[in-house]
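So the protein lines, in turn, are chains A and B. If you read the first sequence in our numbering, its first letter stands for residue 569, the second for the next number, and so on. If you read the second sequence in our numbering, its first letter stands for residue 569, the second for the next number, and so on.
2 protein chains.
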Amino acid sequence: MTSAAGAGGERRGYHHGDLRRALLDAALELIREKDVGGVSLRAIARRVGVTNAAPYHHFPNKSALLREVAAEGFRKMAEVMEAEIASLPEGATPIVRLEAMGRAYVRFAVAHPAHYRVMFREDLDPDEESAELTSGRDACFGKLLATAGELAEGSPERAQSIALTAWSCVHGLSSLWNDGALGRKGFEGSSEELARVVTGMVGEIFGNEGEHS
Amino acid sequence: MTSAAGAGGERRGYHHGDLRRALLDAALELIREKDVGGVSLRAIARRVGVTNAAPYHHFPNKSALLREVAAEGFRKMAEVMEAEIASLPEGATPIVRLEAMGRAYVRFAVAHPAHYRVMFREDLDPDEESAELTSGRDACFGKLLATAGELAEGSPERAQSIALTAWSCVHGLSSLWNDGALGRKGFEGSSEELARVVTGMVGEIFGNEGEHS
DNA sequence: TCGTCAATCTGACCATTGTCAAGATTCTGG
DNA sequence: CCAGAATCTTGACAATGGTCAGATTGACGA
């Protein structure tokens, strides 16, 4: 921390090396430690070892920085989900893919709680809903909706129900885990195990299509 | 709002009538409008029509006020869930009760987003985890865990899985709804309808115990 | 009527924050 | 090796915030 620049970058640039990246990383750390609302631009700069005004050469203002963090989060999440699907055996069924996406979703949320928090918070001026942000969101949830559609066999209503339930489950699990609520109530197991439980349960519903009253 | 005291209290006390209550209400309004992090004690006092220092005669500090809001939230939520269960026909099965609790959970979260936000945020100094708070939490989730236990027929593991899945679903749905994520992705229907969809889905899983591989 | 005491107000202290203007420093292309 | 541009620092401004000490106000019993 004292040797601000030496973190883990490529130091390919000017004075600092890669301040922009360093600022984003510091923001992530601070958000993880103190939650979004409690993070100040100054604190971010301080952590990087740079002064108040430095960030303004890389972001027009605080909101923009946070917005970039959020967009980055969506991008990364989309990557993780794609990778998980790609790792599946050829011709995996929609259910299997849906479960895999769910596990990836939770894994990302737990591994990157700071990103996750910002992604679903709109403290960021909504007037500035950068295209990057919405496109990132779409990249994530497009897949979910598409897979739900495959499972629904032509019924848009059913597709909505499936997507809604699946998304609610993984989002809820992620939130509860990250907020420490599960530990407080005595749930045991790693996040990966819990994710497997939940996605497995959900998979059971959609695995037996046609049996519901 | 200008006639600060006239809100809806009993005005049984001194100058203001019931400042304590008024402060809690104002806090709720502000949290709903600006999210937890953006609320200041001063703003709360301002809204009530009272000066900076007044709140300090009713709460030792800001955290304590927020903590009280959270505790109140858990208490209310427990009430709502109990009421929902009580309204069920005599001898309702555990599944039916679980679904009812889920609907009540979501209904509360949507009707009281401010409470809900504070309840699951620990900006509040965790060193001060007042007994009120934890007991409120227990009142809420005790029922959930108990009902899951009934459904699990003796298997503690299964009980955990059921509780975890059910809780994740309703918590996820509530969070997504309150954060506006669902509207943004084109989901249609009232929160009550969506809650019915999700709890119904979950009910399907646990309704067919013994059929899972 | 008067004194007591809690409830509230006045006014202040100090820390922090977002942001900016102007100066200093360092890099890069020529 | 120099000029211009990019980067960072200094220092400051206006807000806002939490909190507190010391008046002041008003209700209520004596």
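Ideal Cβ placement from N, Cα and C applies to all residues, glycine included. Keep in mind that this is a model prediction, so the values were computed, not measured.
query                                                                                                        : result
Simplified DSSP assignment, three categories, for R689 of chain A                                            : coil
Secondary structure of M569 of chain B, DSSP reduced to three states                                         : In this predicted model, M569 of chain B has a pLDDT of only 32, less than 50, meaning its place in the structure is not dependable; the value taken from the coordinates is given anyway. Reduced to three states, the DSSP call for M569 of chain B is coil.
Closer than 7 Å at the beta carbon, the chain A residues around H739 of chain B                              : G740, S743 and L744
Neighbouring residues, chain B, relative to I773 of chain A (Cβ below 9 Å)                                   : M769, V770, E772 and I773
Residue from A:S655, A:D586, A:A679 and A:S698 whose Cα sits closest to the Cα of R600 of chain A            : A:A679
Test item: CB-CB of L719 of chain A and L666 of chain A under 8 Å                                            : yes
Residue interval of the alpha helix (DSSP H) (run including D586 of chain B)                                 : Counting along the chain, D586 of chain B falls outside any alpha helix (DSSP H), and DSSP gives it neither H nor E.
For P662 of chain A and T715 of chain A, the rounded distance between their alpha carbons                    : 6 Å
Test: R588 of chain B CB closer than 8 Å to a CB of chain A                                                  : no
Neighbour-count burial assignment, S608 of chain A, 16 or more Cβ in a 10 Å radius                           : exposed
DSSP state of N746 of chain B mapped onto helix, strand, coil                                                : helix
Contact belief for A638 of chain B with V674 of chain B at Cβ below 8 Å, rounded distance in angstroms       : Contact flag wrong, Cβ pair sits at about 19 Å.
L633 of chain B versus S703 of chain B - alpha carbon distance                                               : 17 Å
8 Å Cβ cutoff met for A672 of chain B and L656 of chain B                                                    : no
C-alpha gap between R689 of chain B and D747 of chain A, whole angstroms                                     : 7 Å
Partners in chain A for F755 of chain B, counting only beta-carbon separations shorter than 7 Å              : Q728 and L732
Residue ranges of each alpha helix (DSSP H) within the segment 585-671 of chain A, 4 or longer               : 587-602, 609-616 and 630-654
Residue environment, R705 of chain B, which counts as buried when at least 16 other CB atoms sit within 10 Å : buried
Proximity to G710 of chain A [Cα-Cα], best of B:R752, B:E652, B:T733 and B:S742                              : B:R752
Beta carbon of A611 of chain B nearer than 8 Å to that of G670 of chain B                                    : no
Cα-Cα separation between P724 of chain A and A731 of chain A, rounded to whole angstroms                     : 10 Å
Beta-carbon neighbours of S736 of chain A, restricted to chain B and to distances below 7 Å                  : C737, G740, L741, L744 and V766
Contact with chain A by H683 of chain B, beta-carbon distance below 8 Å                                      : no
6 Å CB neighbourhood of E652 of chain B in its chain, flanking five on each side removed                     : A668 and A672
Beta carbon proximity, L678 of chain B to chain A, threshold 8 Å                                             : In the sequence as displayed, the identity of residue 678 of chain B is Val instead of Leu. No, no contact with chain A.
E772 of chain B - DSSP class collapsed to helix/strand/coil                                                  : helix
DSSP-derived helix/strand/coil call for S736 of chain A                                                      : helix
Top-ranked residue by Cα proximity to S698 of chain A, from A:G606, A:F642, A:S736 and A:E772                : A:F642
Residue from A:V648, A:E700, A:A654 and A:A660 whose Cα sits closest to the Cα of F676 of chain A            : A:V648
Min CB distance R580 of chain A to chain B below 8 Å                                                         : Residue confidence is low: R580 of chain A scores 38 on pLDDT, short of 50, so the model does not pin down where it sits. Its coordinate-derived value is still stated next. No, R580 of chain A lies away from the interface with chain B (no Cβ there is under 8 Å from its Cβ).
Cβ-Cβ distance between S729 of chain A and V765 of chain B below 8 Å                                         : yes
Distance between A727 of chain A and F755 of chain B (C-alpha atoms, nearest Å)                              : 11 Å
A720 of chain A at chain B interface by Cβ criterion, 8 Å                                                    : no
For K753 of chain B, the three-state DSSP class (helix, strand or coil)                                      : coil
Under the three-state DSSP convention, the category H683 of chain B falls into                               : helix
Chain-ordered chain B contacts of G605 of chain A [CB-CB under 8 Å]                                          : D603, V604, G605, G606 and D691
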